[in-house]
């Protein structure tokens, strides 16, 4: 029985936590405190629901319970400092307006801004990137600490500590529970998008360990992206990121074979791509187009992914369009990794020699010195040019550099094939 | 995991009567809510069976039978596809699905978990299905 209740509560929490914490943070003006009050309401539910049964609208019940706790706390504080009176009155008025919760009340509340504020605060620049990821999953995603720790392969105590410290940092820095002003909006939004994409990528291509990917993290990032797209529908790059994640996620099941070994994009069985997600990705890209104003870095990457998605067979891929999109990406968001991808696209569009020229320019790039994909890409282009001995060296180098065991197997195999071709 | 919420046909939906404004509004609110929560994948309403047909297989032959079809309660009038992390989450969402014929009246919706190709053991049949499935 208890486990059933726990599962029900987990589900309700995942759905409702962001808006509950958001609403409380607006009241108590401290995200960490809001989160604790919301957790208290969860504990109360665990105590009361076994006897009284699960309420018709569990979300509204949790919200009301948590708000009452916040009110108690504020009343207590106001006895110590009368200046808080005005605030208490304000909250009581709010509670009276909303109470008692009608079965469908949560459907009609304008809660969007609270959740958006919560995302901005969780991804605030005073926090380390690791802390931003943990707080976002915890407070916006409604995931439990042990689940987050497992997903990121860190000890539970470490992650719990990270969250506690992050909340303290926000409190000490007096980060307001507000939407950023126009001057900093763009930068702050970038930070939110970056965290969501980081979560996605952590799931998509696990950088270490035996598993090539952890799909649950991808799904969670997609959910967060879709939420953000509804909260900030006028921001093109939000839809760009969603489009990118939808299309990449459409390939999740094609990225490994029956033994769990990785299958690279061009070798994937495209009938295994999820066409519903592709359709959603293309629709998100259309939302970018409809907003005008051109493509940002995420939309450009989504447009590249869309080129692959539209090709029924790898041979039908529009490589010259992909090369052109990488050119554009290199203009607005230059990086060695983008340049490396451009080398691949140029190699496919205009032949391996042209691609190798781009890749060779990166050989002294310090940022790629330990990046396994540089030798992997060079190895591929060299093999296509029939320079098997050099290709073999590059694949071996790549295999030694990768942190992913399955990818290492794949690269070692390619080195072996190249070595055989030399003989 | 994905779940499909299936709305059954009614005499009204079969007659091509559009739902009342209030019902449309609550359906819209509910689906907006699904979207804001990032769980909505797809949703559509189906036109009356009078505009559809069935293909019947009998022995080696097959014949086309035009709608409408009589057994209204067995027919489907629409679906909503959601993606969630647990059965309980799906349960939570579906309990809040608006009454498809309007509050206060008798009705039923059906919820089914969607198979994904990976749920089948890999084998020749699944591979063939994939090839057939190719768009």
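Protein chains in written order, with the working numbering: chain A, 60 to 482; chain B, 908 to 1042. A virtual CB, placed ideally from N, CA and C, is assigned to each residue, including glycine. Computed from a prediction, not measured in an experiment: that's the story for all the values here.
- prompt: Between the Cα of residue 1007/B and the Cα atoms of 908/B, 957/B and 918/B, which residue gives the shortest distance?
  reply: 918/B
Count the other CB atoms within 10 Å of the CB of residue 367/A; is the residue buried (16 or more) or exposed (fewer)?
buried
TODO: Identify which residue in 933/B, 943/B and 937/B has its Cα closest to the Cα of residue 287/A.
DONE: 943/B
| request: Kindly say whether residue 943/B, judged by its beta-carbon, lies nearer than 7 Å to any beta-carbon of chain A. | output: yes
Take the Cβ of residue 1005/B as the centre, count every other Cβ of all protein chains shown within 10 Å, and call the residue buried at 16 or more, exposed below. buried
Next item on the list: Alpha carbon to alpha carbon, how far is residue 98/A from residue 364/A? Give it in angstroms, no decimals.
Entry: 40 Å
Can the beta-carbon of residue 202/A be found less than 7 Å from the beta-carbon of residue 196/A? yes
Problem - C-alpha distance - residue 912/B paired with residue 988/B, whole-angstrom precision - result: 6 Å
Helix, strand or coil for residue 94/A? Go by DSSP, reduced to three states.
helix
- Is residue 313/A near residue 339/A, with beta carbons less than 7 Å apart? no
The segment 216-231 of chain A contacting the segment 87-94 of chain A, beta-carbon criterion three pairs below 8 Å: yes
Grab the span of the alpha helix (DSSP H) containing residue 357/A for me, first residue to last. 356-369
message = Using the Cβ count rule (16 or more neighbours within 10 Å means buried), how would you classify residue 996/B?
response = buried
- Interface flag, residue 296/A vs chain B, CB-CB below 7 Å: no
Check: Going by Cα to Cα distance, which pick from 981/B, 985/B, 986/B and 957/B is closest to residue 973/B?
Finding: 957/B
Exercise. Where residue 399/A and residue 216/A are concerned, what is the direct C-alpha to C-alpha distance, given to the nearest angstrom?
Worked result: 38 Å
- Once you ignore the five residues that flank residue 939/B on each side, which residues in its own chain have a CB closer than 8 Å to its CB? none
- Message: How far does the alpha helix (DSSP H) with residue 122/A in it extend, from its first residue to its last?
- Response: 117-139
query: Using a C-beta to C-beta distance shorter than 9 Å, which residues of chain B count as neighbours of residue 71/A?
result: 995, 996 and 999
Quiz item: Under the DSSP definition of a beta bridge, which residues are partnered with residue 911/B?
Solution: 988/B and 1019/B
7 Å Cβ cutoff met for residue 347/A and residue 412/A
no
* Whole-angstrom Cβ separation of residue 179/A and residue 238/A, contact assumed at under 8 Å? -> 6 Å
Hey, could you find the ends of the beta strand (DSSP E) residue 960/B is sitting in?
-> 960-965
Task: residue 385/A classed as buried or exposed, judged by whether at least 16 other C-beta atoms fall within 10 angstroms - done: buried
For residue 221/A, which residues in the same chain have their Cβ closer than 7 Å to its Cβ, ignoring the five residues on either side in sequence? 189, 190 and 193
_Using beta carbons (cut-off 7 Å, strictly below), is residue 289/A in contact with chain B?_
yes
Give me the Cα-Cα distance between residue 316/A and residue 333/A, rounded to the nearest whole angstrom. 16 Å
At the level of alpha carbons, what is the spacing between residue 946/B and residue 244/A?
26 Å
Q: Spell out whether any CB of chain B is found under 7 Å from the CB atom of residue 222/A.
A: no
* **Contacts of residue 285/A in chain B (Cβ-Cβ under 9 Å)** => 942, 943, 944, 945, 946 and 947
Practice task
Using 10 angstroms around the beta-carbon of residue 932/B, count the other beta-carbons present and answer buried if the total reaches 16, otherwise exposed.
Solution key: exposed
| query | What residues match up with residue 947/B in a beta bridge as DSSP calls it? | reply | 989/B
Out of 439/A, 205/A, 329/A and 174/A, which has the shortest C-alpha to C-alpha gap to residue 291/A? 174/A
Item checked: residue 232/A vs residue 182/A beta-carbon contact at 7 Å -> no
| message | If distances are taken between C-alpha atoms only, which option among 909/B, 923/B and 993/B comes closest to residue 63/A? | response | 993/B
Inter-residue CB distance, residue 276/A and residue 289/A (contact presumed, cutoff 8 Å): At roughly 21 Å, the Cβ-Cβ gap does not stay under 8 Å, so residue 276/A and residue 289/A are not in contact.
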